[in-house]
Structure formats: C-alpha cells, structure tokens
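S.K.: Quick note, the sequences are listed as chains S and H, same order. The numbering of the first sequence is our numbering, which starts it at 1 and goes up by one. The numbering of the second sequence is our numbering, which starts it at 1 and goes up by one. Backbone N, C-alpha and C define an ideal beta-carbon position, used for all residues, glycine too. Would you mind keeping the following structure in view while I ask a few things?
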Amino acid sequence: MSDKIQQVFETFKQLNLVDKVDQLFVMLKQLVLAGVPEALQPLVSALLSVTLILAVFPGIFAIVTIFERKGIGRIQNRYGPNRVGIPFTKIRLCGFGQFIPDGIKSLTKEDIVPRAADKVVHFLAPVVMLIPVLLAYAVLPFGRNMTVSDFDAGLLFFFAVGGAVELSVFMAGWSSHNKYSLLGAMRAIAQMISYEIPLILSAVTVVMIVGSLKLADIVAAQNHYTFGIAHWYVFTPWGLVGFIIFFIASLAESNRSPFDLPEAESEIIAGYFTEYSGFKFALFFLGEYLGMFAIIGLGITLFLGGWTAPVSFLAWIPSYVWFVAKMLAIVFVFIWIRATLPRLRMDQLMNLAWKFMLPLALVNIVVAGIWHFMTVDWQRWLVCAAIIFGAYLVLGRGLMRNQKLGKRIYRYAE
Amino acid sequence: MSPAFIIIAFVTLLAAASAMSLRNLVHAALALTVTFAGLAALYLNLDAQFVGFAQILVYVGAVAILIVFAILLTRSGDTPDQAVLAPGWTYGIAVSAVVFTMLGWAVLNSSALPKENSSAPAATVKNIGEALMSKYVLPLEIIGLLLTAAMIGAVIIALREPGKTKMDDGGLKIDKTATPSAILNSPSSSGGHS
C-alpha cells in the first residue's frame, strides 16, 4: 500500500510546476485513494468528489447572493449590504459576511406548513428540486481530469436530470393549495418546457461537430490554438448563434429576469414557493442558484472551451480557475441583465421561444452541417454567416410584424 | 440477481402498486413517475445508458408533466370517497393475466431471443446513432412524420375557430391622445394605496 502512495508522489514529482498546480486536486484524490483498500476505492472516490462539489458550489452560491445584491444595488444607485463582516471583529469585508446571518436566519426560522397543504408532497418538493440539480454536476468537467463521472452519454444525462426539476416545481405548486403557487408552477413548467427545446437544439450543433456526447471530448476538441487564440466554438458563426440561444434559454431555464414570470413578485407573490418558509425556502433558493451554475457550466463546456484558456500564453493559469472565472463572469452578466431588463409578458415569452428561437436553432443545425462538410475555410465562414444573418432577419421581422409598436409614452407622477 | 436489481425492482413494483391504489389522482401520477424512474434505473443497471437517459428525459421530464397537467385541467382535486377498485376488477385481472401469459409465451419462444447467455454487445451512444441513421432510418423518419402529424392535429384542435372573436395579441394598448395626468388619475378614485 505504501508503494502505491510512493508511486503517486513519483508521478507528481515528474510534472512541471504549472501541471503541479493544475493537477493538485487530482493528485490529492489519488493519494487518498492509494491509502484505502481496493474494495472501498469506488465508494471513497465518489464520496471525495461529492464532498468537494457540496463544499465548493454552495460556497460560491453564498458569495454570489451577496455579489448579486451589491451589484443590483450599485446599478440601482444604492449601496446594497455593506455592514456584516467577520463576527466579533470590526472587519467588514465590504458586507460579504452577510451570507452567514442569512443562513442562520433561514435555519432558525419557523417552518410553516399550510393546514390545507398536502404534507408529504409539500415536504418532498424541495428535496426533489435539489437532487437532480446536484446530480447534474456529476458530468461537468471542472478542470483537466476533474470530472466526477465521465460517461459516454454525459450531455444526455445532464438534460435528463434537468427534466426532473419541472416535476418538483409542480409538486411545490400543487401541494401548497394556494392559487398563486399553482399559477406560478404552471407558468414555470410552461416556460421550462418551451425553452428546453431551443436549449437542447443549440447543444446539438456542438455534438454534431465533435461527434461525441462526452463532455471531456467536447472540451478536448476546443483545446487547441491558432496564432495563440483558442478554437472555442463561440468563435464560429454557428457557435456564436448557438451560444446566444443557449444563453437566453438558460436564463429562462433558471427562471432569471427577464424570464422570472414563475415568481413574479408583483403578480403572484413568489410563485410556486409562496407557501414555503425557513429552510425549505432556502433549499429552493439554493436549488435555483445551483441549477443556474450547472447550466452555465454546461454552456461554458459546450461553447466557451470549458476549462481551457482563451489565449495560449495564459494557459499556465490552472484549469479549475478558468472554469470558475468564466462561470462567475457569466453570472455577472446574468445579474447585469436582471438589473436592466423588465419582465416579459406571457405571450412575448412564448412567441420568443416558439417563433424565433426554435426556428433559429433549427436553421443553426443545418448551418452546423454545412460547416462540417465545407472544407475551404473562408467560403464556409461566408456561407454560414450569410445563412444565419438571413434567417435572423426573416425571423426577427416575422416576430415583430404584428406587434404594433408605437412611440413610447412616458407617464410621470405629478 | 444483484442487490441493485432487487432494490430497484422492489421500488419500481411498490411505486406501480401505489400508482394503482392511491385515491388522490396527483399522488397516483407522482407514484407513476417513480415507476418510470425505476424503469430507467433498471435500464442503467443493464448498462443501457442511452435508453435509460431517454426514458428519464421523455417519461419523467415530459409524460409525467403531461399527465399531471391533464389531471389538473380536467377535474377538481377532490378525492373519491368510494373504493378505488372498479366493480369489474376480477375480469380485469383475468384479462391481464391472459395477456401477460400470451406475451410471456411469445417472448420466450421468439427466435429473436438468443438462447445461450452470450455476452451483451457493447452498444455505445455512437453505435445507436449510426444504426438509427443507416439501418433504421426509415422507421425513424416514419415515427418523426407521425409525431409531426399528431402535433399539427393537436394545434388545429386547439386553434380558435375563424369567425369567433379573435384575441388581439398586439402590444399594450394605451390611448395615445390621453394626457399623462389623465392616465394617472383615472383609477385612483376607486383603488386606494396602502
């Protein structure tokens, strides 16, 4: 057993410094695995990975909630949380300690279950929400050699477990016995099902080009450089359109503004989790944010090169740092959009999904096929860009045709 | 029979039994979803990744939602007071037993079933994709056409009939001649702010 540990150390020593930092966590895991008996290794391996995910991503969630409140505050010309720092000291940390009292508050609050509620389903809904969201992290490549379970149909697995979230939303909305909850659940399910189609269709283009559903293969296919610039799929015509469709659909899938109709505060209180309080509410909140991180992680993996560096001279930065940095950058864009755009109306939401994004995603699949079969580089750039631009023009005109948009009228309080 | 198979089979059967016997329709639908998920787990247990995930995607993600929506839109949430067993349940059991025997007999005597326990062929997702696009492309296209026809039919049924009042789905209609103060003041007499 000790020579196995020795072996791990030997492989670690042979790496250069950049790889040492990059592979630190992988090697640490192998070190622990070398110390346990053969029969327990799969179990210990799974436990280690799960523990790391359960520690890191809720941690990022805690920071991001404060980041979001502060960011929106700044955009709306106010401060946001800026008081709480480290307890019992005078260090304020710009208010980034706020998540600790928030967490304690949600843990200690009374758990109110309505008398008319269906107790069992009401209890199960947040759990059913969180489990598939956490399962989705199993296939994401967080860094070089850092995937919990990298199997053949990884992308399919991601979308399959994502489908279970809709069920939990229904369970929450129905079991609460509250018409606002049920309305919110109906809206959420209609929205999620509508936007799941462009989401999956935009991911299909990448699968067509790479020829694999395995996420590690998809990252590896983007991990080479010309003139020092990475071959990310977002830098191709079909990839750019695919990424934009994926981005919009992931906004809708994670119920973020401007697609926050399921929990529109001004219309239906809080949507499907109106009747949830205390820790169950916190679980919904956590599930929503973890789902958002997971779908952003998938978007990064498909179109933004996963854990690879954008330019080759920055490749010395560890792969997991790149992954988290890209994820936080997109989270920032999400926050920015939330503070900027007003909520869509239901008919606008459905029109956008079915009349614009779905046809554009279908055209994009054809374009990806053309891209695959044309060999001359400048020709395929021209042809693909022209088809996409034409489709965008036609579909955009079609979407706006019956809108009767007049001059905007401003109404002021006098 | 591995322990995993026994656990999954037990959960699936239990969920199926409760889907039949629960009085509340939504509970029954949720139990049916557990059955679907159990079937997917059985496929995964047999190393059939594609079928397993497709099962989850289609049945748990779409069919289950369709069922609960159908329940919600067609009847109120009242649970029935009378027994869940229909009066003719003995006939039902007899018919299902006959069907099960027939199917079992047909499967066991089928020539497609390899008699000896050969090792399972390694079917990767890529193999399935290639088979669907070459050998089975005609059935795939036919199924696609059928589903499209069904979808168009559903849309036509749901379409508003011409001649009836058409809903105007244009933008917000605001009287353009109205002055800002008129728009602001008109509703304030009835609805109070709190």
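Helix or strand or just coil, what does DSSP make of S:I218?
M.R.: Here S:I218 sits in helix by DSSP.
S.K.: Is S:P262 near the ligand NAD, judged by its Cβ being under 6 angstroms from some heavy atom?
M.R.: Of ligands this structure carries none, so the ligand NAD is not represented either.
S.K.: Hey, S:S277 and S:D111 are a contact pair by Cβ (cut 8 angstroms); roughly how many whole angstroms apart?
M.R.: S:S277 to S:D111, Cβ: 6 angstroms. Contact.
S.K.: At a CB-CB cut-off below 7 angstroms, which residues of chain H make contact with S:D152?
M.R.: The answer, in chain order, is Q49, T124 and V125.
S.K.: Since H:V60 meets chain S, which of its residues come closer than 7 angstroms, beta carbon to beta carbon?
M.R.: G163, A164 and L167, listed in chain order.
S.K.: Kindly say whether H:A64, judged by its beta-carbon, lies nearer than 7 angstroms to any beta-carbon of chain S.
M.R.: At least one chain S Cβ lies under 7 angstroms of H:A64.
S.K.: Under three-state DSSP, which class holds S:Y225?
M.R.: Reduced to three states, the DSSP call for S:Y225 is strand.
S.K.: Which bits of chain H does S:L213 rub up against, with CB to CB less than 8 angstroms?
M.R.: Correct list: V125.
S.K.: Give the residues of chain H in contact with S:V193, contact being defined as C-beta atoms less than 9 angstroms apart.
M.R.: Per the sequence shown, the amino acid found at residue 193 of chain S is Ile instead of Val. Within 9 angstroms Cβ-Cβ: G61, A62 and I65.
S.K.: Is H:G171 close to chain S? Criterion is C-beta to C-beta, closer than 7 angstroms.
M.R.: Annotation note: pLDDT 47 at H:G171 (below 50); position unreliable, no value reported.
S.K.: Evaluate contact between the region 260–276 of chain S and the region 101–108 of chain S, counting only Cβ atoms and requiring at least three cross-stretch pairs below 8 angstroms.
M.R.: Contact between the region 260–276 of chain S and the region 101–108 of chain S is absent, because fewer than three Cβ pairs lie under 8 angstroms.
S.K.: Could you tell me which residues DSSP puts in a beta bridge with S:W230?
M.R.: It should be noted that the sequence gives Ala, not Trp, for residue 230 of chain S. Paired residue(s): S:Y225.
S.K.: Just the C-alpha distance for S:I418 and S:I72, rounded to the nearest angstrom, thanks.
M.R.: Nothing about residue 418 of chain S can be read from this structure; chain S reaches only from 1 to 414.
S.K.: Taking 7 angstroms as the threshold (C-beta atoms), are S:A249 and S:P198 in contact?
M.R.: Yes, they are a contact pair.
S.K.: Going by beta carbon distance, what residues of the same chain come within less than 6 angstroms of S:R92, once the five residues before and after it are set aside?
M.R.: Answer for S:R92: G85, listed in chain order.
S.K.: How would you call S:G163, buried or exposed, if buried means at least 16 neighbouring beta carbons within 10 angstroms?
M.R.: The residue is buried, with at least 16 neighbouring Cβ atoms inside 10 Å.
S.K.: Considering only the beta carbon of each residue, do S:Q30 and S:V8 sit closer than 7 angstroms?
M.R.: In contact: S:Q30 and S:V8 (Cβ atoms closer than 7 angstroms).
S.K.: Could you list which residues in chain S have their beta carbon closer than 9 angstroms to that of H:L32, in chain order?
M.R.: Chain S residues near H:L32: none, gap ~11 angstroms exceeds 9 angstroms.
S.K.: How big is the Cα-Cα spacing for S:H224 and S:A230?
M.R.: When rounded, the distance between both Cα atoms is 6 angstroms.
S.K.: Is the distance from the Cβ of S:E166 to the Cβ of S:M192 below 7 angstroms?
M.R.: Yes. Within cutoff.
S.K.: Pick from S:L341, S:G242, S:I295 and S:L395: whose alpha carbon is nearest that of S:I365?
M.R.: Among S:L341, S:G242, S:I295 and S:L395, the Cα nearest to that of S:I365 belongs to S:G242.
S.K.: Which residue spans inside the region 134–197 of chain S form an unbroken alpha helix (DSSP H) run of at least 4?
M.R.: List check, alpha helix (DSSP H) in window: 154–175.
S.K.: What's the call for S:W307, buried or exposed, on a 16-neighbour Cβ count within 10 Å?
M.R.: Classification of S:W307: buried, given that the 10 Å Cβ count is 16 or more.
S.K.: Just to make sure I have the definition right: I need the residues of chain H whose C-beta is within less than 9 angstroms of the C-beta of S:V121. Which are they?
M.R.: Result: V26, H27 and L30.
S.K.: State the DSSP-derived secondary structure class of H:V95, mapped to helix, strand or coil.
M.R.: Reduced to three states, the DSSP call for H:V95 is helix.
S.K.: Do the region 24–34 of chain H and the region 131–138 of chain S meet, that is, are 3 or more Cβ pairs less than 8 angstroms apart?
M.R.: These segments do not touch.
S.K.: Closest to S:G59 by CA distance: which of S:C384, S:V210, S:A153 and S:G103 is it?
M.R.: When each option's Cα is compared against that of S:G59, the closest is S:G103.
S.K.: Ordered along the chain, which non-local residues of its own chain (more than five positions away) have a Cβ less than 7 angstroms from that of S:I295?
M.R.: The answer, listed in chain order, is S250, E253 and S254.
S.K.: For H:G170, is the classification buried or exposed, using 16 other Cβ atoms within 10 angstroms of its Cβ as the cut-off for buried?
M.R.: Low confidence applies here, because H:G170 scores a pLDDT of 47, under 50, leaving its location unreliable and the question unanswered by this model.
S.K.: Would you please state the rounded distance, in angstroms, between the beta carbons of S:E275 and S:S176? I believe it to be under 8 angstroms.
M.R.: Right, the Cβ-Cβ distance comes to about 4 angstroms (below 8 angstroms), so this counts as a contact.
S.K.: Would you report the Cα separation of S:L201 and H:V95, rounded to the nearest angstrom?
M.R.: Between S:L201 and H:V95, the C-alpha separation is close to 43 angstroms.
S.K.: Closer than 8 angstroms by beta-carbon distance: list the chain S residues that pair up with H:L57, in chain order.
M.R.: L156, F159, A160 and G163, listed in chain order.
S.K.: Apply the 10 Å Cβ neighbour rule to S:N402 and answer buried if 16 or more other Cβ atoms are within range, or exposed otherwise.
M.R.: Its Cβ having fewer than 16 others within 10 Å, S:N402 is exposed.
S.K.: Taking beta-carbon pairs under 9 angstroms, can you tell me which members of the region 242–253 of chain S lie near chain H?
M.R.: Per Cβ criterion, the list is empty.
S.K.: Show which residues of chain S have a CB atom less than 8 angstroms away from the CB atom of H:V99.
M.R.: By Cβ distance, chain S contributes nothing, its closest Cβ being about 30 angstroms from H:V99, past 8 angstroms.
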